[in-house]
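Protein chains in written order, with the working numbering: chain A, -12 to 322; chain B, -12 to 322. Glycine is no exception: its CB is placed at the ideal position from the N, C-alpha and C atoms. Please read the structure below before turning to the comments.
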C-alpha cells in the first residue's frame, strides 16, 4: 500500500477495500462491523439516545490526545449527558489526499482504544477522500441505551431541569483542551495537556447513587459560560457562579492571562457541569472526585429565580458580572 | 446575519446559535430535535439498523439533485438494503468559510424535503466551520427499525445471501449519477440528470410481497460491477450478467462512449440490485417497475456455482468478460 492517502482510496473500489481491511477493520474488529453490510443491525430495548458530532481539530495530535480519542469522547459524553449508556458508534472519515497512512493508523488505534475504554462498539463506518494537504475530519454518531435499573433516575435529566435551590458543580478544571490546542498551534512551549476523556465512570457512579440530578452537560466549545448561560435560559432560572470557585489549572490560568483569554469561555473535552439540589451537592462532589477524571471537581454556584435566564458571576474583585454565550469566533477548529 | 459563512459560525456560541435557529431548526423542525439536548431520545423496538456516510460531492448542486438530497438518499438506501424502515437521521455539517448562506438554506431545504419524502426524521445535528473556498461536507448517520410484520422477510436478507438458481435484477438505468456529476464538472452541455432518490416505496413493496429476497444492495461508488463482484465474493457463488440486459440511458451510453467509460463501473445514487429465486424474478420485476423510481428495472443475470466468487459478463459482441471491483480512483467526490 502507498504511504500516503490518494484519491483512489476514496473510489469505493479496490484501494478503498485495502484501506478498510488493513486499518479500520483491523482496529475496530467486532462481529457487527465484520458483516460488512450497508448497515449494522444491533439489539436495543425500549428507547435510545442519538447524537452526532464532526471533528475538525487541528493539529490532529496534541498534548494529551488526538482527533481519534477526541471524536470518541465527544460523542460518548453527549450520550452520557442524557443518562444513556454509550453502546454503538458510527464513524465517517473524510481524508485529505496526502494524509500520512502511518498517522492514520495511529489515530485509528487511538480511536479504538478510547472506544474500548468507554465501552462503546463501532458499528458502521464510511471513508471519503478529498483534495487537500494531508489533514482529516471524522464524524461520529452515537447510540446510547437506557438500562432498566437507572430509568427512574435518567427520565428527569434534561437541559431545562435546573430548579431554585439547586447547586452547580463542575467535574474539574476549565479551559485545558482550549489551552492545549492553542499552545500547540502557536508553538508555545508548555506542558498543558488536553483533558479529552470519556466521562463514563463518573456518570455511572452518579446515576447509581440515587441522587436527584436535574441537568448534566459537558463543557465543550464556547466554554463554561456558554454552556451555563444556555442552561439558565432553558430552565428560566438564574445561575450565579463564583469566579474564585471555578477550578482552573494554574498553568492554564497563566497561559490565559498572557493571551487575555477568560477561562470561562475556553473549551474542554472531558469535563461536565452537574446541577442538583443543594442538599445533595456534597455527596455528588465526593462521588465525582472519586471517579475517573473527576479529582478536580468543585461546587461553583447556585440556582435562584430572581433574574430568569441570566448567568451571573461574582468576580474575584467583588463585582457581579453578567455573562452571555460566547460572541465571535472563539478558537476555530478546537474540536 | 452575514451573507457568507464565517469562522464565528463554528464557535459554538452566538453565531452558531443563529445559524441553527434560522436555518437548521427551521427546516428540520420536529419535537425530538427541538429539545436541543446533547442527544435525542427516540423510541425503538427490538433491534435497529445503523449506518453512516459522508458526502463530499462537487459541485454541491447538479442536474437532478444536490448534496442535501444526496446525503439523505445515501443513508436511507443503506438502511433499506437491510430491510429496515428508515426512522431517524443525524447530520453533521462541515462548512467551509465563505459558503453562501443562501445556498446553505437551499441545500438544507432540499435535505428536509427528501427526508420528508423518505419518511425519516432528523434527530440530531452538529455544525463545524473550517477554512476553505465556500464548499461543504455533510455526514449523515441513520437508524432503521424492523417492524414486526416484515421481520420474517427481512431476517434472511444479507450480502452473502445469493444462492444457485437466483436471478439478478437492477431497478433501473446504470451510471446516471456518475454521468451527471462528471458532465457538470467538465461543463459539458447535456440533459443527463442524477438519479439520486430514496428507494423507500420500492423496498416496501418488495418486502410486503412475501417474495424470498436473498440480497438487496444499492449501486453507488464503483458502480454495478464493484457491487456485484463484492456480493459474488460474499456468497461464494458465480454471478453472470448480460451486457445487453443492463439498462443504460442512451444519453449516458453516448456520454460514456465519448469518454471511454464503462457504464458498469459508473456510480448511481438511486438504484439497487436485487437477488432472489429465478422463479420469483418476473413478479419482483413487475413490483419494482410499478414502484416509484423503478420504471426502468430489468433482469440482468443469474447466479450459479461453477466459479465461486467471480463476476462474469456476456458482452454485446459475444465474449465472456471477467469483471473485478473498480481499480484506481474512479470519479473522485462523486458522492
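Margin query: If you follow the beta strand (DSSP E) that residue 131 of chain B is in, where does it begin and where does it stop?
Written below: 123 to 132
Check: Who are the Cβ neighbours of residue 263 of chain A in its own chain at under 7 Å, not counting the five residues just before and after it?
Finding: 153, 154, 198, 199, 200, 201, 271
Notebook entry, point to check: Is the CB of residue 41 of chain B under 8 Å away from at least one CB in chain A?
Noted result: yes
Next item on the list: Please list the residues of the segment 79 to 93 of chain B that have a C-beta atom closer than 8 Å to any C-beta atom in chain A, keeping them in chain order.
Entry: Those would be 79, 80, 81, in chain order.
Notebook entry, point to check: Do you know offhand how far residue 252 of chain A's Cα is from residue 244 of chain A's?
Noted result: 13 Å
Note to self: For residue 164 of chain A, count the other beta carbons within 10 Å of its own beta carbon; 16 or more makes it buried, fewer makes it exposed. Which is it?
What the structure shows: buried
Item checked: Residue nearest to residue 206 of chain B in terms of C-alpha spacing, selected from B/248, B/300, B/256 -> Residue B/256 is the option with its Cα nearest to residue 206 of chain B.
Next item on the list: Run through the segment 132 to 188 of chain A for me and flag every whole alpha helix (DSSP H) of 4 or more residues, listed as ranges in chain order.
Entry: If one requires a minimum length of 4 residues, the alpha helix (DSSP H) runs lying completely within the segment 132 to 188 of chain A are 138 to 141, 163 to 172, in chain order.
Margin query: To the nearest angstrom, how far is the alpha carbon of residue 196 of chain B from that of residue 51 of chain A?
Written below: Each residue's Cα considered, the two are about 56 Å apart.
Check: Per DSSP, what kind of secondary structure is residue 309 of chain A in: helix, strand or coil?
Finding: strand
Checklist line | 6 Å Cβ shell around residue 210 of chain A - same chain, five flanking residues per side excluded | finding: 251, 252, 253, 254
Item checked: Straight-line Cα distance separating residue 222 of chain A from residue 57 of chain A -> Cα to Cα, residue 57 of chain A sits roughly 29 Å from residue 222 of chain A.
Next item on the list: Return yes when the C-beta of residue 254 of chain B is under 7 Å from any heavy atom of the ligand ADP, and no when it is not.
Entry: Absence of the ligand ADP is noted for the structure shown, with no ligands found whatsoever.
Note to self: Between the segment 162 to 176 of chain B and the segment 283 to 297 of chain B, can you find at least three pairs of beta-carbon atoms closer than 8 Å?
What the structure shows: As far as the Cβ criterion goes, the segment 283 to 297 of chain B does not touch the segment 162 to 176 of chain B, which means the pair count is below three.
Note to self: Using the Cβ count rule (16 or more neighbours within 10 Å means buried), how would you classify residue 53 of chain B?
What the structure shows: buried
Checklist line | Buried/exposed call for residue -2 of chain B, threshold 16 Cβ in 10 Å | finding: buried
Next item on the list: With distances taken Cα to Cα, identify the nearest neighbour of residue 87 of chain A among A/-9, A/301, A/64.
Entry: Taking only the C-alpha atoms, the option nearest residue 87 of chain A is A/-9.
Note to self: Relative to the C-alpha of residue 132 of chain B, which candidate in B/75, B/240, B/309 has its C-alpha closest?
What the structure shows: B/75
Next item on the list: Enumerate in chain order the residues of its own chain whose CB-to-CB distance from residue 105 of chain B is below 8 Å, with the five nearest sequence positions on each side excluded.
Entry: 59, 60, 63, 73, 185, 187
Next item on the list: Assign residue 378 of chain B to one of three DSSP states: helix, strand, or coil.
Entry: Any answer about residue 378 of chain B is impossible in this case: the structure gives chain B only from -12 up to 322.
Notebook entry, point to check: Which residues in the same chain have their Cβ closer than 6 Å to the Cβ of residue 113 of chain A, if we skip the five residues on either side of it in sequence?
Noted result: 79
Checklist line | is_contact[residue 225 of chain A, chain B] using C-beta, thresh 8 Å | finding: no
Margin query: What does the alpha-carbon distance come out to for the pair residue 259 of chain B and residue 145 of chain B?
Written below: One alpha carbon belongs to residue 259 of chain B, the other to residue 145 of chain B, and they sit about 14 Å apart.
Item checked: Short Cβ contact (8 Å threshold) for residue 28 of chain B with residue 69 of chain A -> yes
Next item on the list: Could you tell me which residues DSSP puts in a beta bridge with residue 291 of chain A?
Entry: A/225
Item checked: Three-way DSSP call (helix, strand, coil) for residue 108 of chain A in this model -> strand
Margin query: Once the 5 residues before and after residue 123 of chain A are set aside, which same chain residues still bring their CB inside 8 Å of it?
Written below: 47, 54, 80, 81, 82, 83, 86, 91, 94
Notebook entry, point to check: Beta-carbon of residue 126 of chain A versus every beta-carbon of chain B: anything under 8 Å?
Noted result: Cβ-Cβ to chain B under 8 Å: yes for residue 126 of chain A.
Checklist line | Cα-Cα separation, residue 167 of chain B to residue 180 of chain B | finding: Residue 167 of chain B and residue 180 of chain B: Cα-Cα distance of roughly 5 Å.
Margin query: Tell me which residues share the same chain as residue 265 of chain A and place their Cβ nearer than 6 Å to its Cβ, disregarding the 5 neighbours each side in the sequence.
Written below: 152, 154
Notebook entry, point to check: In this structure, does DSSP put residue 237 of chain B in helix, strand or coil?
Noted result: helix
Next item on the list: Compile a chain-ordered list of the residues in the segment 198 to 209 of chain A whose CB is closer than 8 Å to at least one CB of chain B.
Entry: 204, 205, 207, 208, 209
Notebook entry, point to check: With distances taken from CA atoms, which of B/226, B/2, B/208, B/67 is nearest residue 147 of chain B?
Noted result: B/226
Next item on the list: Please compile the residues from chain A whose C-beta is within a distance smaller than 7 Å of the C-beta of residue 113 of chain B.
Entry: 39, 40, 41
Check: Would residue 215 of chain A count as contacting chain B if we go by Cβ distances under 8 Å?
Finding: no
Check: For residue 307 of chain B versus residue 301 of chain B, is the C-beta spacing smaller than 8 Å?
Finding: yes
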